[in-house]
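Chemist: Quick note on numbering: the sequence shown equals residues 97 to 716 in our numbering.
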Amino acid sequence: MNHNRKCHQNKTCKPIISVYIFESMNRTIRLTLFIITLLTAAASNIFGQAMEQKSGADWVSTPSKTCPEKVFVHTDRDVYVAGENMLYKVNVVPSQPNGKSVSHIAYLVLRNEKQNILRMIATLSDGCSFGSAYLPDTLQTGMYELIAFTNYMKNYSEGIFFKKQLLIANRFDKLLDNLYKQDTIRNQPVMTVNPDQQSSPVHASNGLHLSVEKNKFAAREKIKITIALDSAAGASEMVNASLSVKAIAPISFSSWSMDSTVSASTSDKSPSDRGEYLPEENGVYVSGSYRDSIGHPQPGECLIICTSDTMPNLQYSFTNDSGRFLFSLPDFYLGRHLLLKPLVNEIAQPGKKIILEDKFRLNSSFLPSLPVMNTSSRKYIFTSQDIVQVQKTYPPETMFMHQPANKIDGNSIPWVFTHPESVIIPASFVPLDNMEEIASNILYGLTLKEKKNIYQFYLFDNLTKTYFSRPSLVFLDGIVADNINQFMNLKSDDIDRIALCNSQRTKGEIDFPGIVSITTKKKQPDYITPNLPALYFQIDKYQGKTLLKTPGYSGKNRNTTLPDFRQVLYWNPDIVIHPNKTLTIEFFASDYLSDYLIEFYGFSSGGKSYRANTEIEVTR
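(1) Could you check if A523 is buried or exposed, using at least 16 other CB atoms within 10 Å of its CB as the buried criterion?
(2) Take Q634 and list the residues in its own chain whose beta-carbon comes closer than 8 Å to its own, dropping the five residues that flank it on each side.
(3) Using only CA atoms, which one of N581, Q600, Q394, R420 lies nearest to S568?
(4) Quick one, which of L262, P510, I681 has its alpha-carbon nearest P467's?
(5) How should G38 be labelled, buried or exposed, when 16 other C-beta atoms within 10 angstroms of its C-beta is the threshold for buried?
(6) Taking the Cβ atom as the reference point for each residue, do I477 and F661 lie within a distance shorter than 7 Å?
(7) Start and end of the alpha helix (DSSP H) containing D482?
(8) From D269 to S480, what distance separates their C-alpha atoms?
(9) State whether the region 406–413 contacts the region 574–583, with contact taken as three or more CB pairs (one from each stretch) at a distance under 8 Å.
(10) Return helix, strand or coil for D607, following the three-state DSSP convention.
(11) Give me the residue from N212, G703, C163, M239 with the minimum Cα distance to V463.
(12) Under the assumption that Y692 contacts V341 (Cβ atoms under 8 Å), give the Cβ distance between them as a whole number of angstroms.
(13) Please work out which residues of its chain come closer than 6 Å, Cβ to Cβ, to K185, disregarding the five sequence neighbours upstream and downstream, and give them in chain order.
(14) Between which two residues does the alpha helix (DSSP H) holding M531 run?
(15) Can you grab the Cα-Cα spacing for the pair L306 / L242, in whole Å?
(16) Assuming T680 contacts K310 under a Cβ cut-off of 8 Å, what Cβ separation, rounded to an integer in Å, is found between them?
(17) State the beta-bridge partners of F684 as determined by DSSP.
(18) For the region 368–388 against the region 701–708, are there 3 or more C-beta pairs whose distance is under 8 Å?
(19) So for S518, helix, strand or coil by DSSP?
(20) Sort out for me which residues DSSP pairs H299 with in a bridge.
(21) Please look up how many angstroms separate the CB atoms of F525 and L542, rounded, as I've assumed it's under 8 Å.
(22) Using the three-state DSSP reduction, which class does N212 fall into: helix, strand or coil?
(23) Starting from K587, follow its DSSP beta bridges and name the residues at the other end.
(24) Give the secondary structure of T715 by DSSP, where H, G and I count as helix, E and B as strand, and everything else as coil.
(25) Between the alpha carbons of D405 and Q620, how many angstroms are there, rounded?
(26) Roughly how many angstroms lie between the CA atoms of A328 and C224, to the nearest whole one?
(27) Unbroken beta strand (DSSP E) runs of length 3 or more, entirely within the region 615–642: which are they?
(28) Given a cut-off of 7 Å on the beta-carbon distance, is the pair I673 and V335 in contact?
(29) Is there a Cβ of chain D sitting closer than 7 Å to that of N416, yes or no?
(30) Can you grab the Cα-Cα spacing for the pair E713 / E695, in whole Å?
(31) Near E533, what residues of its chain come up, given a Cβ to Cβ distance below 7 Å and the 5 sequence neighbours on each side ignored?
(32) Going by C-alpha to C-alpha distance, which of Q236, R207, F428 sits closest to A244?
(33) Can you give me the Cβ contacts of S613 inside the same chain, cut-off strictly under 6 Å, excluding the 5 residues immediately before and after it?
(34) Which of the three DSSP states, helix, strand or coil, is assigned to G721?
(35) Can you pull the DSSP bridge partners for Y697?
(36) Roughly how many whole angstroms lie between the Cα atoms of S221 and M249?
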C-alpha cells in the first residue's frame, strides 16, 4: 500500500492524509467521520497544536542576492588559558539600512585546524544573546577560530560568516612550540594591528561618548566609566551593547575587527538556487534527506521525530520531490535523545537511509595565522598560566551567574493526546506475566492479534462500535514502537500505566485508528529497537545566559587578603543605552598591574554599529 502524500499544484488545498485506511462502513457513517475529521484538522490548525512541515516546495524558497542579516561576536578577550571560560555576546542585525534581520537562532563554532572543539546554539532576543563557553583544559596551545552564523546565511558564501582568531594556551605547556614554527609559508607570522585596539585617548563612533574619570588607578581602586548617546550627532535609536575591560595582551595576530565583519559583502557570490536554509524564526530546524539503497530520493514519505517521555509525543514531516525533509523542533526536544524514523516502516524495501544534515558543518578550512611573539608576549602567556593556577588554589570572588535559556511552554510540547478515553494501572490488579495476559484480562476495548508470529494491537472504535481494521499506533515510553513483539514479555509489575485512545486521532495532516501508550516504571525505552532506517540523534540545548559578577572592595571587603589577579576587570554583555541619556558603570581594579583596554560594542535595532575604546593603567 502506498502511503505517500500526493503533492498538489494548488498549495492552498491541503487535504487530510490518512496513514491508515478507514474501516469499511455504510455511506452515512463514512460521511459523518469525514466531516468530523475535517473539523478536527481545522481545529488543530486554528489552535496550533503542532508546527508541522509540508512537502513539495512549501518550505523551499529562493533567497535574495544579498543576505538580509549579518553577525558580530564580542568576546571578553582574545587570549585565554585552557580551563578558563570564554564570555561572548553575539549580535544578529540587518545587513542593509532600514532592513530587518529575521533569524532568532545563531550558531557558534570554536575550531582548530583539525576539528570543531565547541558547538553552541544561541537563542536571540532583540537580535542578541550572550553566554559563556568552558575551554577544556586539555586544549593544546595554539590558534583557534571562533565562527558565528545563522541558518539562513548558509545559503550564501561562508565568507559572510563572522570569524575571529583566538589564542589559547595550555597552562602546563611552558614551551609553546607550536607558536614558533615558521618553516612554511602558511605558518609565517602575520603582523596585523586591530584598529579597535590602537593606543589613543578615546576612539568612539559619531554620537557615542565614553569617558573615564582618570587614566591611572591603584590596585583595587574603584573605576567609573560614563557612556552617553548624543541624538544631535545622529544617534537616534536605543543601542544594545557590551563592554569589556581587559588586560592588554602584547600579542598581534590577524583578527576581524567590527568594521570588516559587519561590512562584509553579502553579494560577492550568488546564493543557493534552492534556498534550502530557511531563517529560523520559531525554533531550530532539522533537515536532511531520505534515500533508497542506491541513492534515489524518496518523495512523499512521512518521517517522524519522538523522544522518550511519560507522554507520547510526535513531530512529522513529509519529504519533498528531492527527498528532503524539514522539522521545526520545539524547545521541548532540545537536549534530548531523539528518534527519527519513517512513520510506516517498509520492511519489504530494505536499504533505505535517512541522512541527517550537520548544522555545524563548515566547508571552508581553518589555516591559522600565527602571532608575532617576543619576550613580552611570552611573559604575558606564562603569567596568565600562573594566574589560572593561583586562582584554582585561591578562587577569587568573581562569580559566573548562569541562567538557563530553555523555558518549556506546556502548550508547545508536541503531545499526540492529553486526555485518553481510559487509563489502566496494572498494579491495581493481580500480577500478570506478559502483555498477552494483560491485554486479555484488563485492557478492555483492545484486542491482540497474531499474524505470522507478529503481534499487533487493535482498538475498539467508540464512534462506530466496531474494531478498527488496521492496527493502532503504539507508544512505549513516548517512543513509537514498530514491533510490539519486542516487549511482549513485559509484566504488569514493569508497567506504570497504559493509556488507550479508542477513537480516530488526528494530528495535523495525519491520523491514526486509535492509540495505545504504555509507560514503564523505568521511564526509558529499554525494551524496543526501532527498525531501520531509524536513527537516534541529539540537538543541544540553547546556551544559557551568563553574567560576570566581580568583587567589590568597600566596607568589609576592603582589607581582604585573598589574591585577586583578574585580567578581566569588567564584562557586561547586557547594556542598553538610550539617546540623550548617560549611563554610569562602576567596578574595581584587581591586583594585576597592567595596561587595560576598555572596549565597547553596540548595535541599534536598525543595525547601525557603535564602538568606543580607550586605555587605562592599573599601577601601584
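Glycine included, every Cβ here is placed at the ideal spot set by N, Cα and C.
Modeler: Considering the structure as presented:
(1) For the purposes of this step, residue 523 is taken as residue 427 along the sequence shown, with counting starting at 1. Exposed, by the Cβ-count rule.
(2) As a first step, residue 634 must be located in the sequence shown, where it is residue number 538. Cβ neighbours of Q634 beyond the five flanking positions: G431, R432, H433, L434.
(3) Numbered from 1 along the sequence shown, position 472 holds the residue referred to as residue 568. Looking at the Cα atoms, Q600 is the closest of the given residues.
(4) Within the sequence shown, the letter at position 371 stands for residue 467. When only C-alpha atoms are compared, the closest one is L262.
(5) Residue 38 is absent from the structure shown; the chain starts at 97 and stops at 716.
(6) In the sequence shown, counting from the first residue as 1, residue 477 sits at position 381. In the sequence shown, counting from the first residue as 1, residue 661 sits at position 565. Not in contact: I477 and F661 (Cβ atoms no closer than 7 Å).
(7) Within the sequence shown, residue 482 is the residue found at index 386, counting from 1. 471–489 is the extent of the alpha helix (DSSP H) around D482.
(8) Sequence index remark: in the sequence shown, residue 269 carries index 173 (1-based). Sequence index remark: in the sequence shown, residue 480 carries index 384 (1-based). Each residue's Cα considered, the two are about 12 Å apart.
(9) The region 406–413 and the region 574–583 touch, with no fewer than 3 CB-CB distances between them shorter than 8 Å.
(10) Counting from 1 along the sequence shown, the entry for residue 607 is found at position 511. D607: strand per DSSP, three-state reduction.
(11) Within the sequence shown, the letter at position 367 stands for residue 463. The sequence as given places Leu at residue 463; Val does not occur at that position. The shortest C-alpha separation from L463 is found at M239.
(12) Position 596 of the sequence shown, counted from the start, is the residue given in the question as residue 692. Position 245 of the sequence shown, counted from the start, is the residue given in the question as residue 341. Right, the Cβ-Cβ distance comes to about 5 Å (below 8 Å), so this counts as a contact.
(13) For the purposes of this step, residue 185 is taken as the residue at position 89 of the sequence shown. These residues qualify, in order along the chain: H170, F226, S338, P669.
(14) Here the question's residue 531 lines up with position 435 in the sequence shown. That run of the alpha helix (DSSP H) goes 531–537.
(15) Stepping through the sequence shown from its first residue, residue 306 is reached at position 210. Stepping through the sequence shown from its first residue, residue 242 is reached at position 146. Answer to the nearest angstrom: the Cα atoms are 28 Å apart.
(16) Residue mapping note: residue 680 aligns to position 584 of the sequence shown, counting from 1. Residue mapping note: residue 310 aligns to position 214 of the sequence shown, counting from 1. Contact doesn't hold; Cβ gap of about 15 Å is too wide.
(17) In the sequence shown, residue 684 corresponds to position 588, counting from 1. Answer is K318, bridged to F684.
(18) Not touching, per the Cβ criterion.
(19) For the purposes of this step, residue 518 is identified with residue 422 of the sequence shown, where counting begins at 1. DSSP places S518 in strand when its eight states are reduced to three.
(20) Residue numbering aside, residue 299 sits at position 203 when the sequence shown is read from its first letter. Answer is N709, bridged to H299.
(21) If you number the sequence shown from 1, residue 525 lands on position 429. If you number the sequence shown from 1, residue 542 lands on position 446. Between L542 and F525 the Cβ distance is about 15 Å, and since that is not below 8 Å, they are no contact.
(22) Numbered from 1 along the sequence shown, position 116 holds the residue referred to as residue 212. Strand at N212.
(23) Translated into positions along the sequence shown, residue 587 becomes position 491. K587 pairs with nothing; no bridge assigned.
(24) Taking the sequence shown and counting its residues from 1, one reaches residue 715 at position 619. In the structure shown, the three-state DSSP call for T715 is strand.
(25) Within the sequence shown, numbered from 1, the residue matching residue 405 stands at position 309. Within the sequence shown, numbered from 1, the residue matching residue 620 stands at position 524. Cα to Cα, D405 sits roughly 7 Å from Q620.
(26) For this step, residue 328 is matched to residue 232 along the sequence shown. For this step, residue 224 is matched to residue 128 along the sequence shown. So the two alpha carbons sit approximately 26 Å from each other.
(27) 631–634
(28) Residue numbering aside, residue 673 sits at position 577 when the sequence shown is read from its first letter. Residue numbering aside, residue 335 sits at position 239 when the sequence shown is read from its first letter. The answer is yes: Cβ separation under 7 Å.
(29) Any reference to chain D falls outside this structure, which holds one protein chain only.
(30) By one-based count along the sequence shown, residue 713 stands at place 617. By one-based count along the sequence shown, residue 695 stands at place 599. Spanning the alpha carbons of E713 and E695 requires a straight line of approximately 14 Å.
(31) Here residue 533 is taken as the residue at index 437 of the sequence shown, counted from 1. If we look at E533 and ignore the five residues flanking it on each side, it has no Cβ neighbours.
(32) Taking the first residue of the sequence shown as position 1, residue 244 is located at position 148. Of the listed residues, the one whose Cα sits closest to A244 is R207.
(33) For this step, residue 613 is matched to residue 517 along the sequence shown. Here the set comprises P408, F571, A595.
(34) Since the first and last residues shown for the chain are 97 and 716, residue 721 lies out of range.
(35) For this step, residue 697 is matched to residue 601 along the sequence shown. Beta-bridge pairing links Y697 to S338, R707.
(36) Mapped onto the sequence shown, residue 221 falls at position 125. Mapped onto the sequence shown, residue 249 falls at position 153. Going from the Cα of S221 to the Cα of M249 covers about 18 Å.
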